[in-house]
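J.:
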Amino acid sequence: MEGLKAILAGKKVLGRTLGYLRPYIRWQFLGLFITVISAGAGLAQPWVNHILIDKVLLEGNVPLLKTVMLFFTGAVLLQTGAGMAGTYLFTWMSNRAANDLRAALHRKIQMLSVAFAERRKTGDIMSCFTSDVPVMQGLYSSIFVTLLTEAVRFAVVLAVMLRINPRLTLIALPSIPVFAVLLALTGGIIKRASRDVQERRADFNALLQEQLAGLRTSAAYGLDASQAEGFRGAMTTLLSSRLRLTLKGFIFNAGSLAATAGMILVLYLGGLEVIHGRMQLGVLIAFSGYFGMLFGPVGSFAGAAGQVLQAVGAGERVLAILDTPETIRESPKTVKLKNPSGLVEFRDVYFAYPGGNPVLRGLSFRVEPGETVAVAGESGSGKTTMVSLLLRFHDPDRGEILLDGRPLGDYTLSSLRGNMGVVLQEPFLFGGTIMDNILLGRPGASKKEVEAAARAAYAHHFITGLHGGYQARTGERGALLSGGQRQRIALARVFLRNPKLVILDEATSALDRESEEYVKEALRNLLRDRTCIIIAHRESTLEGVDRIIRLPGDGAGPLQAPPPPGGNRMRKGPGGGPP
């Protein structure tokens, strides 16, 4: 009974999974009608064999031969046409429903906090899209309609066989309880083996994604052999898992052995009936044909049961993400942030990552509108965490963060982040064109606005020198551009957004001297009349800011340094620089 228990235990998963078919229910009924027609037409062949042998060939009835052939041709054409139409319809429905599920999964991941993505491997999340959803898609195809159709076929074939020869028909019946017992005993094993395959595939995808992302590091440290060994190990583990699933799936094939044994017995006893004149040869041939059809539905039930169990295992993984509570939520009373002044306040903020020690303890400070503040501290003191809280990637455990005198939670996430510009030490570029990447700052901006932003970021000159100009491809993660070029495109993105609050995470530390000069000139333009928080990892970054906030390594906070001599040189210094 383990298999039946496994199916019953997964009924909620099945119900929610099949819920994505609800918009296509009318098409589902149409597909059922078409499939029944195709299945009905397929029942004609054994009876045609009976008429052809007993009424045509043995009696030499030429006119009946023409009639039988026309009928048989029509039945074949009807079965083929209806079968193709049903296959196309169910393919369309299953892909639409699967795409709806993928879209729901994608929306959920987008709504979840960045903390969720930080806890899960990218390859593991990708596996839900590339492996789990396709397994679940089997439920959206003709599986349940096929089961219904096969059940009707089974009943009709059994009725015909009983009418032909009740005694021989009874030989076929033991296969049904045999299959039921096998399903009850092995279904749970198949489900667990399927879930193990999905998990091993997710591990493999995660390892592959990680190795591809770290090709440069692997080459630099000569890790080719160890990486290859790890890759082979992951492949071997996945292969072993798949082979175990295949071997355990063979248990269902025991039904085919029962069918073969039954067929042998039917042919032997039926042959004796023909020899002794108690049955016509055509009837025996028709009966054996229907007998083979009787086990077709049994095989479909076995395959469908295994597929359902696999889908339950995959569905549990997908629904686990869909059911993940959203830690960063918008309340119904949120408002859009419009034209902020840039006043930022941290009030007694405490924060710790799940399962970790507190990173921030009682952090309090205030950044005035238009002020440039550097946040310095040892590694692990909470500088990057502070930025994540400001962007609402996380929410504080205690205390609050305010923008223009209101808690961040009072604003919609889109308007809050839309009024902030972030320039990271290693900017991320998507694998499109330069124009596409700059437009991320403000989708829908005109070409002139994009070029103006690029000029302000000292990027227009090098962009126009590239083959294709603004339509030049950046490569994956911007691999076709230098570090300085990527940084200036990231700055152009911020210029296009024109935010009141700018966050810089050591935007020049990884650049050569020439690129650094370009970027610094762009930053002088960017920081005019804006509130700026600079995450400082080295002392040179502290030059020219209005104020320095030092975070102690124990998470307590902060120690505010007086303004450096000369004030904010970065904002007040002369412009100019390379065009």
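Each residue of the sequence shown is one higher than the last, beginning at 3 in the numbering used here. Ideal placement from N, C-alpha and C gives every residue a C-beta, glycine not left out.
Where are the alpha helix (DSSP H) runs, 4 residues long or more, that stay fully inside the stretch 429-477, in chain order?
T.: List check, alpha helix (DSSP H) in window: 436-441, 449-458 and 462-466.
J.: Identify the continuous alpha helix (DSSP H) that holds T82 and give its terminal residues.
T.: That run of the alpha helix (DSSP H) goes V64 to M113.
J.: Considering only residues of the same chain and omitting the five flanking positions on each side of L170, which have a CB-CB separation below 7 Å?
T.: V268, L271, G272 and F289.
J.: Compute the distance between the beta-carbons of Y413 and Y460, then report whether it is under 9 Å.
T.: In this structure, Y460 does not lie closer than 9 Å to Y413 by Cβ.
J.: Rounded to whole angstroms, what is the Cα-Cα separation between G264 and S243?
T.: Near 34 Å, if we compare the C-alpha coordinates of S243 and G264.
J.: Just the Cα atoms here: how many angstroms apart are R475 and R488?
T.: Roughly 12 Å between the two C-alpha positions.
J.: With respect to the beta strand (DSSP E) encompassing S366, which residues constitute its N-terminal and C-terminal limits?
T.: From DSSP, the beta strand (DSSP E) with S366 extends over P360 to V369.
J.: In three-state terms, what does DSSP make of T336?
T.: Reduced to three states, the DSSP call for T336 is coil.
J.: Across which residues does DSSP place F293 in a beta bridge pair?
T.: For F293, which the question treats as bridged, DSSP gives no partner whatsoever.
J.: By the 10 Å Cβ neighbour count, where 16 or more other Cβ atoms means buried, how is A316 classified, buried or exposed?
T.: Buried is the call here.
J.: Which first and last residues belong to the alpha helix (DSSP H) in which A41 is found?
T.: Counting along the chain, the alpha helix (DSSP H) containing A41 begins and ends at I27 to G44.
J.: Do you know whose CA, among F293, L245 and F31, lies nearest Q47's CA?
T.: Comparing Cα positions, the closest option is F293.
J.: Going by the CB atoms, is the gap between R490 and G423 shorter than 9 Å?
T.: It is not a contact, given that the beta carbons lie outside the stated cut-off.
J.: Would you mind reading off the limits of the alpha helix (DSSP H) that contains D507?
T.: From DSSP, D507 is part of no alpha helix (DSSP H) but of the beta strand (DSSP E) over L503 to D507.
J.: Considering just the uninterrupted stretch of the beta strand (DSSP E) at L404, what are its terminal residues?
T.: Counting along the chain, the beta strand (DSSP E) containing L404 begins and ends at R400 to L405.
J.: For G449, count the other beta carbons within 10 Å of its own beta carbon; 16 or more makes it buried, fewer makes it exposed. Which is it?
T.: Looking at the sequence itself, residue 449 is Lys, so the reference to Gly does not match. It is exposed - the Cβ of K449 has fewer than 16 other Cβ atoms within 10 Å.
J.: Given that a residue counts as buried once 16 or more other Cβ atoms are within 10 Å of its Cβ, and exposed if not, what is R280?
T.: So R280 counts as exposed.
J.: Are there 16 or more other CB atoms within 10 angstroms of the CB of I266, so buried, or fewer, so exposed?
T.: Result: exposed.
J.: With DSSP collapsed to three states, give me the class of R571.
T.: Confidence in R571 is poor, its pLDDT being 43 and thus under 50, which makes the residue's placement unreliable; the coordinate value appears in the next sentence. Here R571 sits in helix by DSSP.
J.: Per DSSP, which residues does I537 bridge with? Please list them.
T.: According to DSSP, which records beta bridges pairwise, I537 is partnered with V377 and D507.
J.: Just how far apart, CA to CA, sit M71 and Q81?
T.: If you take the alpha carbons of M71 and Q81, they lie about 15 Å apart.
J.: Is F233 helix, strand or coil by DSSP?
T.: It is helical.
J.: Of the choices R479, K340, L79 and A227, whose alpha-carbon is the least far from that of G2?
T.: Outside the displayed range of the chain (3 to 581) lies residue 2, so it cannot be described from this structure.
J.: Apply the 10 Å Cβ neighbour rule to M86 and answer buried if 16 or more other Cβ atoms are within range, or exposed otherwise.
T.: Exposed, by the Cβ-count rule.
J.: Go ahead and pull the three-state DSSP assignment for V15.
T.: Residue state, collapsed to three classes: helix.
J.: In or out: Q229 buried (at least 16 other Cβ within 10 Å) or exposed?
T.: Buried: at least 16 other Cβ atoms inside 10 Å.
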